[in-house]
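So the structure is just underneath, and the comments pick up after that.
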Amino acid sequence: MIDLRLLREDPDQYRASQAARGEDPGLVDELVAADEARRAAGAQFDTLRNEQKVLGKQVARAAGEEKAALLARARELADAVKAADTARGEAAARADELVLALSNLVHPDSPRGGEDDFRVLAEHGTIRDFAAEGVTVRDHLELGEALGAIDVERGAKVSGSRFYFLTGVGALLELALVNLAMAQATANGLMPIIPPALVKPSAMEGTGFLGQAAENVYRLEADDLYLVGTAEVPLAAYHGDEILPAESLPRRYAGYSPCFRREAGTYGKDTRGIFRVHWFDKVEMFIFAAPEDAEAEHARLLAYEQQMLDALELPYRVIDVATGDLGSSATRKFDCEAWIPSQGRYRELTSTSNCTTFQSRRLRIRQRDADGSVRPLATLNGTLVAVPRTIIAILENHQQPDGSVRVPAALVPYLGREVLEPLG
RNA sequence: GGCGGGGUCGCCUAGUGGCCUAGGGCAGCGGUCUUGAAAACCGCCGUGGGGCAACCCACCGUGGGUUCAAAUCCCACCCCCGCCGCCA
């Protein structure tokens, strides 16, 4: 939810922001009008209600004919109050609807434009020259099947397309990655959390996933619960309706959870293997911080993501995502894209967003400053490890001529082996 | 799932239709006193909205309803605690 005060002061920057996202700037004007209408309806109600209270006390004290007369007036007033209350409710609902529909302000440094207008910030690691090595590049599915690590056929048989089984070293690989990630997170001072993967509608709404992303969310009709698409949802909602002492900030968490995504509208896209799936496990970092610290915390999350990719010895680049591709909550987003040899291009592995106060307003999470005052705080999230895509990157980048896969040194203690060998 | 108890401004608690403008205690903050501390005493002490301000309005788990008037009465739901049943 955007800052209404800021919008009243300067609607132009919201119009510009909407335009930069490729969204409707006209929403801003509708909201300004609805906000004014709400204020007027509220004032009208307040006046009548006050009158009613005063009259009520007179009724309580009066008797006989005087009381009868006052009661007659009170009855009329009650109708007026009821009508004003209804009007106020309708005006508020309209304004609330619009304020929730507006996306966060975009960061001034975010590149303007759509999905392809990102800015490359850095490239790390070395892309192997497989041809020079005399290695025929196998893709992750071919490698994974040979290793007995990935089974998408049975995934489809049991659950449908875009489902998979991790088997043998594949299963161990997930556990090793998660353990490495959690160890790194803990060493960096983040609190490990295993959150619920089913949440109430309020948690989903609060994190902005029931807006433009609603199509990708699984809903359990019978219980009115949602399957989360990321641990960001329960982690953000963790402090919902709370007021956190400023001195307890920043609070940094790392949550390990399954993630469920309907992937509506992606038919025919990334259909091979486990790149785009309906369910996967992920370790997500989440930070509650003072708004003035948000950018520094964002840089911190990006650094943690890079630390992980460096540890896995993956070649990757960091991009500054363009305004049209930010989602509704983020003011700025950095993606780390790993090189995928079989595709000959970089693909998103991790992503970190600065949501400023957008989520905390919706979830009513605030900080109490030293002077006792209360204000919204900033929330930030970042992927530490998304299991299937990380497995893809490891298998493909560390494959060897005989179809075996070298295990990056940082992962060896968690996996208990240095090489993954194809089954006979 | 069944039965019972409960949800009040950080915590505890009073309040069963109208001086409730939600009272009291604890904790916290400021002050008086003190060499210092404690005690005592005095003051402040929820969130949101509106207003330059005095002040006004909303919120007593949530949503409806009854009434001139609801923390209080009625209905539904949610959550917590206990016991029973069922399942892990």
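So the first sequence is numbered by the working numbering: it starts at 38 and just counts up by one.
The C-beta atom is built at its ideal place from N, Cα and C for all residues, glycine as well.
Quantities reported herein were computed from a predicted structural model and do not represent experimental measurements.
| query | result |
| --- | --- |
| Do Lys370 and Ser390 count as a contact pair if the criterion is CB distance below 7 Å? | yes |
| What are the boundary residues of the alpha helix (DSSP H) that includes Ser410? | It is not in any alpha helix (DSSP H) - Ser410 carries neither H nor E in the DSSP assignment. |
| If you follow the alpha helix (DSSP H) that Pro450 is in, where does it begin and where does it stop? | 449-452 |
| Got a sec? Which residues, its chain only, sit under 6 Å from Ala183 by beta carbon, not counting five neighbours each side? | Gly440, Pro459 |
| By DSSP's criteria, Arg384 is part of a beta bridge. Which residues make up the other side? | Ala375 |
| For Gly59, which of Gln89, Gln249, Leu68 has the nearest alpha-carbon? | Gln249 |
| Who pairs with Asn418 in a beta bridge, going by DSSP? | Phe323, Ser390 |
| Measure the beta-carbon distance from Ile356 to Tyr293 and round it to whole angstroms, keeping in mind my assumption that it falls under 8 Å. | Not confirmed; about 26 Å, so no contact. |
| Is the beta carbon of Ala327 sitting closer than 7 Å to the one on Leu262? | no |
| Taking 7 Å as the cut-off, decide whether the C-beta atoms of Glu385 and Tyr353 are in contact. | no |
| Would you kindly work out how many angstroms separate the C-alpha atoms of Asp318 and Arg403, rounded to a whole number? | 30 Å |
| For Arg256, which of Arg191, Leu235, Thr360, Ala186 has the nearest alpha-carbon? | Leu235 |
| Buried or exposed for Ala218, going by 16 or more other Cβ atoms inside 10 Å? | buried |
| Using only alpha-carbon positions, find the residue among Ala291, Ala115, Ala57, Ile311 that is nearest to Gly192. | Ile311 |
| Quick check: the stretch 70-81 against the stretch 145-165, are at least 3 beta-carbon pairs closer than 8 Å? | no |
| Under a Cβ-count criterion, where at least 16 other Cβ atoms within 10 Å of its own Cβ denotes burial, should Pro378 be classed as buried or exposed? | buried |
| Could you give the first and the last residue of the continuous beta strand (DSSP E) run that contains Val157? | 156-161 |
| Buried or exposed for Asp362, please, with buried defined as at least 16 other CB atoms from any protein chain shown within 10 angstroms of its CB. | buried |
| In this structure, how does DSSP classify Lys194 when only helix, strand and coil are distinguished? | helix |
| Consult DSSP for Val442 and reduce its assignment to one of helix, strand or coil. | strand |
| Bridge partners for Tyr263 per DSSP, in chain order? | Val236, Arg256 |
| Following the continuous alpha helix (DSSP H) through Met219, name the residue where it begins and the one where it ends. | 206-224 |
| Note down, in chain order, each residue of its chain lying with its Cβ closer than 6 Å to the Cβ of Cys296, except the 5 sequence neighbours on either side. | Gly266, Thr267, Phe317, Lys319 |
| On a CA-only basis, which of Val358, Ser365, Gly419 is nearest Ala479? Give me that one, please. | Nothing about residue 479 can be reported from this structure: the residues present for the chain run from 38 to 461 only. |
| Could you give the C-beta distance for Ala407 and Cys392, rounded to a whole number, given that I count them as a contact under 8 Å? | About 24 Å separates the two Cβ atoms, so there is no contact after all. |
| Work out the CA separation of Pro233 and Pro271 for me, nearest whole Å. | 7 Å |
| Quick one: Cα of Leu68 to Cα of Ser54, how far? | 15 Å |
| Below 8 Å on the Cβ atoms is my guess for Leu85 versus Leu114; work out the distance and round it to an integer in Å. | 7 Å |
| Looking at the structure shown, is Ala99 part of a helix, part of a strand, or coil, going by DSSP? | coil |
| I need the straight-line Cα distance from His161 to Ile429, nearest angstrom please. | 18 Å |
| So, helix, strand or coil for Gln404, using DSSP? | strand |
| At what residues does the alpha helix (DSSP H) containing Ala348 begin and finish? | 331-348 |
| Among Ile280, Glu300, Ile324, Leu349, whose alpha-carbon lies nearest the alpha-carbon of Gly226? | Ile324 |
| Find out if the Cβ-Cβ distance for the pair Gly245, Ser388 is shorter than 7 Å. | no |
| Is Pro425 buried or exposed, if buried means 16 or more other CB atoms sit within 10 Å of its CB? | buried |
| Locate the alpha helix (DSSP H) running through Pro48, then write down its first and last residues. | 48-57 |
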